[in-house]
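> Residue 97 in the numbering used here sits at position 95 of the sequence shown, and the numbers go up by one each step.
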Amino acid sequence: KFLASGDEPPPMHTGVSTVADRYKIPYVTSTGPIEPWAAMRAEVEGNWEYTWATGLFAIVTPAEKGDFRDKPGYTIVDTWQAMLDLYGNQTNKRVAVFAADDSDGVGWYGLFPEYLEKQGYNVYGEENKVGLAPLETTDFTSIIEQWKNYGCEILWGNAPAPFVGTLLRQCASLGFKPKMVSIGRAPLFYEDIESWGGDLPLGVGCEIWWDPSLQDSPGISGTTPQSLAEKWSKETGKPLNRGIGPGYRSIQVLADAIKRAGTLDGTKVNAALADTDLMTIGHRVKFDQNHFSRGPLVFGQWQKSGGKWVCPVVFSRHDFIKATADPIFPIPYQ
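As structure tokens, this is what we get:
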């Protein structure tokens with residue numbers, strides 16, 4: 003017996019990983035970021051010995067020295083930093099930050115404001131946790147007014163899509179128009195940003211952890227990132243869902259481990275997973291001591307193309323993922 007899944011946030015794996023350890027069932031998944039994942043593993047007996055995360059990324063924690071991923075392009079901060087490097091000097095460097103108070107958001111809020119301050123940016127209200135709000139918040143008026151009064155021209159945040167949709171609608175109605183917007187989680191999927199309405203998604207940036215433009219990223223039996231995306235669109239009639247990449251990668255890694263183990267014995271397959279070093283449809287997978295394999299990150303922005311919303315790569319630090327559109331700055335509010 004084996005378990006595999008696509009991309010879910012760390013808290014969703016606790017039950018499955020516990021059962022996988024109990025019955026010695028290898029579980030290959032995709033999750034991130036590594037910071038909450040590693041913290042959760044450290045708190046459980048056995049450290050989820052049978053769970054392996056084929057991605058996705060780190061927030062600020064660099065890879066170990068000597069690791070092939072110990073360079074820019076493997077953390078969210080250095081990926082988002084690209085926009086600051088390009089356009090930060092064309093702002094007043096005053097930043098509004100927000101996050102939902104779930105585990106992902108709290109972890110993000112504890113790391114990003116400090117990072118921005120070290121880069122010479124002025125983060126509004128960090129000491130009072132301005133912008134860190136309960137998931138069920140429906141009125142952001144007081145927070146937005148504080149950002150406006152401080153003159154914030156950059157907006158960074160991390161929250162689920164409904165939370166962000168409400169926030170952005172209220173920003174628009176109150177006349178808060180930051181020049182640059184980078185948000186984690188909320189803008190990753192077409193269905194989510196479309197629900198915000200109007201042109202609210204325009205120029206909203208986010209980290210991208212899988213894209214059809216990936217090169218040197220082979221799937222099974224000749225499948226490529228591009229052909230996988232085309233098959234998805236043809237069979238579902240829906241816009242690209244980036245989750246198909248991590249989901250496919252989990253199956254690919256598990257199949258490779260079974261092949262190398264030469265058996266269906268769970269203990270031996272688990273040992274083979276530890277030795278994984280495989281080029282996949284999500285690029286190279288190699289697990290660290292946390293049973294985690296961080297993947298490459300690039301930066302994308304939502305734009306209109308032919309009247310439809312798309313999120314092309316606008317900045318990449320990797321030679322195997324090319325930018326396919328120019329960045330938007332400043333955001334052209336209507």
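From the three backbone atoms N, C-alpha and C, an ideal C-beta is built for every residue, glycine too.
It should be emphasised that the depicted structure is a prediction, and the values quoted were computed from it without experimental measurement.
Under the DSSP definition of a beta bridge, which residues are partnered with histidine 285?
Thr282 and Ile283
> Go through the region 187-229 residue by residue and report every complete run of the beta strand (DSSP E) that reaches 3 residues or more, in order.
206-210
> Tell me which residues share the same chain as isoleucine 312 and place their Cβ nearer than 7 Å to its Cβ, disregarding the 5 neighbours each side in the sequence.
Here residue 312 is valine; the residue named in the question, isoleucine, does not match the sequence. The answer, listed in chain order, is Gln305.
> Looking at the structure shown, is isoleucine 36 part of a helix, part of a strand, or coil, going by DSSP?
helix
> Determine the DSSP secondary structure at aspartate 23, reduced to helix, strand or coil.
helix
> Is the separation between the beta-carbon of leucine 216 and that of proline 227 shorter than 7 Å?
yes
> Going by CA-CA distance only, name the one from Arg43, Leu5 and Trp50 that's closest to threonine 31.
Leu5
> Closest to glutamine 254 by C-alpha separation, out of Asp267, Gly239, Arg286 and Lys233, would be which residue?
Arg286
> Taking 6 Å as the cut-off, is the beta-carbon of serine 295 closer than that to any non-hydrogen atom of the ligand NAP?
Although the ligand NAP was asked about, the structure shown includes no ligands whatsoever.
> Considering only residues of the region 77-144, which uninterrupted alpha helix (DSSP H) runs meet the minimum length of 4 residues and lie entirely inside it, listed in chain order?
Runs found: 78-89, 105-111 and 114-120.
> Using DSSP with H/G/I as helix, E/B as strand and the rest coil, what is serine 307?
strand
> Return the residue from the list Ile323, Phe294, Asn272 and Ser318 that minimises the CA-CA distance to alanine 65.
Phe294
> Can you look up threonine 31 in the DSSP assignment and give me helix, strand or coil?
strand
> Could you spell out where the alpha helix (DSSP H) holding serine 175 opens and where it closes?
163-175
> Roughly how many angstroms lie between the CA atoms of valine 166 and valine 108, to the nearest whole one?
15 Å
> Name the residue from Arg187, Leu169, Cys208 and Pro162 whose alpha carbon lies nearest to the alpha carbon of proline 329.
Cys208
> So, helix, strand or coil for isoleucine 246, using DSSP?
helix
> Considering only residues of the same chain and omitting the five flanking positions on each side of tryptophan 234, which have a CB-CB separation below 8 Å?
Apart from sequence neighbours up to five positions away, the residues of its chain that approach tryptophan 234 with a beta-carbon distance below 8 Å are Lys240, Leu242, Asn243 and Ile246, ordered along the chain.
> Under the rule that 16 or more other beta-carbon atoms within 10 Å means buried, what is alanine 22, buried or exposed?
buried
> DSSP three-state label for tryptophan 50, please.
coil
> Please go through the same chain and pick out, in chain order, the residues whose beta-carbon is closer than 6 Å to the beta-carbon of alanine 98, but skip the five residues on each side of it.
Exclusion of the five residues before and after alanine 98 leaves Tyr126, Trp149, Cys154 and Leu157 as the residues of its chain whose Cβ lies within less than 6 Å of its Cβ.
> Within 8 Å, do at least three Cβ pairs link the region 263-283 to the region 160-180?
no
> Indicate the three-state DSSP secondary structure (helix, strand or coil) for valine 255 in the structure shown.
helix
> Assign leucine 86 to buried or exposed, taking buried as 16 or more other Cβ atoms, counted over all protein chains shown, within 10 Å of its Cβ.
buried
> By how many angstroms is the C-alpha of aspartate 104 removed from the C-alpha of glycine 346?
Outside the shown range of the chain, which is 3 to 336, sits residue 346, and nothing can be said about it.
> Determine the contact status of leucine 275 and tryptophan 39, defining contact as a CB-CB distance below 7 Å.
no
> Output needed for proline 334: all residues of its chain with C-beta closer than 8 Å, excluding positions within five of it in sequence on either side, in chain order.
Leu204 and Gly205
> Name the DSSP bridge partner or partners of alanine 55?
DSSP output for alanine 55 lists Thr31 and Phe294 as bridge partner(s).
> DSSP three-state call for glycine 239: helix, strand or coil?
DSSP places glycine 239 in coil when its eight states are reduced to three.
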